[in-house]
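Basically our numbering = 1-based index in the sequence shown + 23.
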Amino acid sequence: MAIQTSNDGVAEVPLALVSNGFLDELTAGLRARPIPWEGYQRATLITQAELNYIKAVEKKTGEDLSRVVDKEGDVYGELLISLLQKLVRVDTIQSILILIDDLLLDHDERAAYFLQLGQTDASLPYAPLLKCLRSEDSFIALKASKILTTLLCASPKPNTDAAGELFRWTTAQLQSKNPAEVDLSVQVLESALRQRNVRIVYWNTPQAVDALVRILKMENPGPQMQYQVIYCFWILTFNEEIAQELNRKYDVIPQLVDIAKSAIKEKVIRVVIATLRNLVEKAPEANLAAMAAVKLLQFSENLSSRKWSDSEILEDVNFLKAELQENFHTLTVLARLLSTSNDAIVLSVAASDIGQYVKRDPSSKKFLQEIGVKQKIMELMSHPDQEVRYNSVNTSWSLIGGKV
Numbered sequence: 024m025a026i027q028t029s030n031d032g033v034a035e036v037p038l039a040l041v042s043n044g045f046l047d048e049l050t051a052g053l054r055a056r057p058i059p060w061e062g063y064q065r066a067t068l069i070t071q072a073e074l075n076y077i078k079a080v081e082k083k084t085g086e087d088l089s090r091v092v093d094k095e096g097d098v099y100g101e102l103l104i105s106l107l108q109k110l111v112r113v114d115t116i117q118s119i120l121i122l123i124d125d126l127l128l129d130h131d132e133r134a135a136y137f138l139q140l141g142q143t144d145a146s147l148p149y150a151p152l153l154k155c156l157r158s159e160d161s162f163i164a165l166k167a168s169k170i171l172t173t174l175l176c177a178s179p180k181p182n183t184d185a186a187g188e189l190f191r192w193t194t195a196q197l198q199s200k201n202p203a204e205v206d207l208s209v210q211v212l213e214s215a216l217r218q219r220n221v222r223i224v225y226w227n228t229p230q231a232v233d234a235l236v237r238i239l240k241m242e243n244p245g246p247q248m249q250y251q252v253i254y255c256f257w258i259l260t261f262n263e264e265i266a267q268e269l270n271r272k273y274d275v276i277p278q279l280v281d282i283a284k285s286a287i288k289e290k291v292i293r294v295v296i297a298t299l300r301n302l303v304e305k306a307p308e309a310n311l312a313a314m315a316a317v318k319l320l321q322f323s324e325n326l327s328s329r330k331w332s333d334s335e336i337l338e339d340v341n342f343l344k345a346e347l348q349e350n351f352h353t354l355t356v357l358a359r360l361l362s363t364s365n366d367a368i369v370l371s372v373a374a375s376d377i378g379q380y381v382k383r384d385p386s387s388k389k390f391l392q393e394i395g396v397k398q399k400i401m402e403l404m405s406h407p408d409q410e411v412r413y414n415s416v417n418t419s420w421s422l423i424g425g426k427v
């Protein structure tokens, strides 16, 4: 898939990305059902004019649909949203949503037919679709989520309230036992989060990021799901606040590095490295220490020697390597870790790395003492974790001039 980059560095994700075989199969099974539109007209639920418009597009797709709709796009936008507001039968709502999705498929410019309704009613076009999102019928909710995503992505000023409700829905869906529903929800996020203004909305949605992190920590989520979830983190980390807090709250850096080390697919490594680069560019103070602790410098040196089909990978790897080398040489990263981290693994690795550094450069002992590292290492010699104690004892010998 060719990806173009917007002015804030985020890939321009095609709206058709929200494409799910499970949803497509459900749609195909429902498409042919007859809907009693004439009965609605006789019951005065719809007008004769509305019936005529509906019959003109019923069961049409592709170019046949385009020939009708594009002549009176605004009329159809208003009509279809109006039908969602006043009709309640499940099969009818399903059919209306199928028609809206058909209309938008590969034609995101038609989102304007719906978005223009907001000029006269601020609740439109989102309110009826959000009601569908809350439906007990799973097809209605899934189809509405796809349509809402298209509208949010196409809007020059996305509705953050609508985005918030969509994100609460995706957070719940990520707990689903149905992998297809999880896949669709992640695709919704991949597309919706490209809108800069809604990233912080997602970040502030309760349990939203937790749900994504849980997928990454699953035993075997598969390379495609790994890629899609990390892609969401990549987009999120263009926001400086999120880049500052992401690893502190969710400890994602060790997980990302582990995934990259074991990844077979180049695109998985690419999106991990791009995410790590964002974390360094947007919030170096918050993230370089954790990267040093998981030996990202050594891993980046390994990656820089490989051949890649995508030149951007090497560019990002070299950027990380340079930043980590500079930071490592000052030793402030590891010193900060020892003072701020409560994680036994991080403390153990940091203590070990300091010992190795001192062995390579004995002149660093004075500086380490001045910034309090020696005292902290001595304190860690009584840490409850065995590995922390072991590495601290070894490093203390190096710091005081003994031999390990």
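A virtual CB, placed ideally from N, CA and C, is assigned to each residue, including glycine.
Do you know offhand how far residue i's Cα is from residue j's?
| i | j | result |
| --- | --- | --- |
| D429 | P307 | Residue 429 lies beyond the residue range present for the chain, which begins at 24 and ends at 427; the question has no answer from this structure. |
| L319 | Q249 | 19 Å |
| A203 | V41 | 12 Å |
| I69 | I58 | 13 Å |
| I119 | E213 | 25 Å |
| S327 | K344 | 9 Å |
| L244 | D206 | What sits at residue 244 in the sequence shown is Pro, not Leu. Taking the straight line joining both Cα atoms gives about 11 Å. |
| L127 | S332 | 34 Å |
| K388 | V303 | 28 Å |
| S386 | E410 | Low confidence applies to S386: its pLDDT is 49, below 50, so where it sits in the model is not reliable enough to give any reading. |
| D233 | A186 | 18 Å |
| V80 | T67 | 20 Å |
| L153 | L347 | 46 Å |
| D335 | I116 | Looking at the sequence provided, one finds Glu at residue 335 rather than Asp. Spanning the two alpha carbons is a distance of roughly 45 Å. |
| V252 | I258 | 10 Å |
| L216 | Q196 | 17 Å |
| L354 | I287 | 33 Å |
| I62 | L235 | What sits at residue 62 in the sequence shown is Gly, not Ile. Each residue's alpha carbon lies about 46 Å from the other. |
| L89 | K166 | One detail in the question is off: residue 89 reads as Ser in this sequence, not Leu. Each residue's Cα considered, the two are about 20 Å apart. |
| F351 | Q218 | 35 Å |
| L403 | C176 | 51 Å |
In the structure shown, what three-state DSSP assignment does residue i receive?
| i | result |
| --- | --- |
| W192 | helix |
| L50 | Checking the displayed sequence, the identity of residue 50 turns out to be Thr instead of Leu. Residue state, collapsed to three classes: helix. |
| M24 | Only weak support is given to the placement of M24: the predicted model assigns it a pLDDT of 31, under 50, and the question is left unresolved by the model. |
| T67 | coil |
| I116 | helix |
| A55 | coil |
| M404 | coil |
| M248 | helix |
| S199 | coil |
| D228 | According to the sequence displayed, residue 228 carries Thr and not Asp. T228: coil per DSSP, three-state reduction. |
| E81 | coil |
| N417 | helix |
| V41 | coil |
| S375 | helix |
| W257 | helix |
| Q409 | helix |
| L147 | coil |
| W60 | helix |
| D339 | helix |
| S323 | helix |
| R329 | coil |
| H130 | coil |
| D366 | coil |
| S168 | helix |
| K154 | helix |
| K344 | helix |
| D97 | helix |
| N75 | helix |
| S386 | Caution is warranted here: a pLDDT of 49 is assigned to S386, below 50, making its placement in the model unreliable, and the coordinate value is therefore given only provisionally. Here S386 sits in coil by DSSP. |
| N262 | coil |
| K447 | A question about residue 447 goes unanswered here, because the residues of the chain that appear run from 24 up to 427. |
| S89 | helix |
In the DSSP assignment, find the unbroken alpha helix (DSSP H) run with residue i in it and report its ends.
| i | result |
| --- | --- |
| A313 | P307 to A316 |
| L110 | That residue, L110, is in no alpha helix (DSSP H); it is neither H nor E in DSSP. |
| Q218 | Note, Q218: premise wrong, no alpha helix (DSSP H); not H, not E. |
| I394 | No alpha helix (DSSP H) contains I394, which DSSP labels as neither H nor E. |
| P277 | V275 to S285 |
| E159 | Taken as a continuous stretch (DSSP letters only), E159 belongs to no alpha helix (DSSP H), as it is neither H nor E. |
| R359 | T355 to T363 |
When you measure from the CB of residue i to every non-hydrogen atom of the ligand PLP, does any distance come out below 7 Å?
| i | result |
| --- | --- |
| K240 | In the structure shown, the ligand PLP is absent, as is every other ligand, since no ligand is present at all. |
message: Three Cβ pairs or more, each shorter than 8 Å: is that satisfied between the region 324-342 and the region 353-364?
response: Output reads no: the region 353-364 does not touch the region 324-342.
query: Okay, do the region 309-316 and the region 259-272 touch, 3+ Cβ pairs below 8 Å being the bar?
result: yes
- prompt: Any contact of the region 276-285 with the region 293-300, i.e. 3+ C-beta pairs under 8 Å?
  reply: yes
query: Three or more beta-carbon pairs under 8 Å between the region 93-101 and the region 49-68, yes or no?
result: no
query: Are at least three pairs of beta-carbons, each pair with one atom in the region 101-116 and one in the region 140-152, less than 8 Å apart?
result: Between the region 101-116 and the region 140-152, the count of Cβ pairs shorter than 8 Å is three or higher; the stretches touch.
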